[in-house]
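Going by numbering that gives the first Met the number 0, the sequence shown opens with residue 0, and the numbers climb by one from there. Below is one structure, written out as structure tokens, with a few remarks after it.
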Amino acid sequence: MVANTPPPAARTRGAEPPAAGRRDSYTVESLLAVTVEVFNARGYDGTSMEDLSRAAGISKSSIYHHVRGKEELLRLAVGRALDGLFAILDEPRAVEGRPVERLEHVVRRTAEVLLAELPYVTLLLRVRGNTAAEQWALGRRRDFDHRVAELVRAAAADGDLRGDVEPRLATRLLFGMINSIVEWYHPDAEADGGTEAAERIVEAVVRLAFGGLRRTS
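Quick look at the structure:
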């Protein structure tokens, strides 16, 4: 699984923000947690360094102590999501066995990573290619999609998947279902903090992707 989600910013937990100008109040990881919240709320283009400074409760100079600027924060944030996704492709169950079994594992784990890293994946899905960091992220997303499409193609060639849906289209539809979760899932609204709901969502994704809605008996 991708690295643990950094702790929420102090402000989101109801505590006092760190004193402005204290460089040691934030690490890069905790600064990213605040940054992602602001980028998702205001949009990358609509966010200034002043906005980030105010949200983090530290001075702009303290932010520059950690990173070169806003675009580096964006690259670090979307890179975290991408690293989590690409790590799936190296897991033993993603590289061993029949292609359909490997594909099912990748689909399951993709949904799990999205739910575990929801703010970071949400940001990744919203980049549009307006900056070098966004173009880099889109390129890596295309590479990930291509590698999953190859699994779909191999599973169809083995006769384990229906062959009347073009693999690239099937891949887009799979990711369309998974990626839509970021638009409606809110773990804070769940009584258990989202743990059980996340498990139900993952299972539903796998069942719909590999079994469909039609009853077989």
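The C-beta atom is built at its ideal place from N, Cα and C for all residues, glycine as well. Small disclaimer: the values here were computed from a predicted structure and weren't measured.
Quick check on Ala-54: buried or exposed, where buried means 16 or more other Cβ atoms within 10 Å of its Cβ? Under this definition Ala-54 is a buried residue.
Report buried or exposed for Gly-45, applying the criterion of at least 16 other Cβ atoms within 10 angstroms of its Cβ. With fewer than 16 other Cβ atoms within 10 Å, it is exposed.
Can you look up Ile-87 in the DSSP assignment and give me helix, strand or coil? Here Ile-87 sits in helix by DSSP.
Helix, strand or coil for Gly-211 per DSSP? Annotated three-state conformation of Gly-211 is coil, per DSSP.
Grab me the residues of Gly-78's own chain with a C-beta within less than 6 Å of its C-beta, minus the 5 sequence neighbours each way, in chain order. Sequence-distant partners of Gly-78 (beyond 5 residues in either direction) whose C-beta falls short of 6 Å from its own C-beta are missing from its chain.
DSSP three-state label for Glu-28, please. In the displayed model, Glu-28 falls within a helix according to three-state DSSP.
Cβ pair Val-35, Ala-76 closer than 7 Å: A contact, by the Cβ cut-off of 7 Å.
In whole angstroms, what is the alpha-carbon distance linking Gly-96 and Asp-163? Approximately 23 Å, taken between the alpha carbons.
When Glu-71, Glu-70, Met-48 are compared against Ser-60, the one with the closest alpha-carbon: Cα-wise, what sits closest to Ser-60 is Met-48.
Where do the ends of the alpha helix (DSSP H) carrying Asn-178 lie? For Asn-178, the enclosing alpha helix (DSSP H) starts and ends at 166–178.
For Leu-113, I'd like the list of residues in its chain whose CB is within less than 8 Å of its CB, leaving aside the five on either flank, ordered along the chain. Taken in chain order, the residues that qualify are Val-120, Ile-177, Asn-178, Ile-180, Val-181.
Counting along the chain, where does the alpha helix (DSSP H) carrying Thr-109 start and finish? DSSP places Thr-109 inside the alpha helix (DSSP H), whose first and last residues are 98–115.
Taking 8 Å as the threshold, find out whether the region 167–174 comes into contact with the region 135–152 through three or more Cβ pairs. Two segments are said to touch when three or more pairs of C-beta atoms, one from each, lie closer than 8 Å; by this definition the region 167–174 touches the region 135–152.
Measure the Cβ-Cβ separation of Ala-136 and Pro-98 and say whether it is below 7 Å. It is not a contact, given that the beta carbons lie outside the stated cut-off.
Mark Thr-207 as exposed unless 16 or more other C-beta atoms lie within 10 angstroms of its C-beta, in which case mark it buried. Per the sequence shown, the amino acid found at residue 207 is Leu instead of Thr. Result: exposed.
In the DSSP assignment, find the unbroken alpha helix (DSSP H) run with Gly-138 in it and report its ends. Per DSSP, Gly-138 is one residue of the alpha helix (DSSP H) stretching across 131–156.
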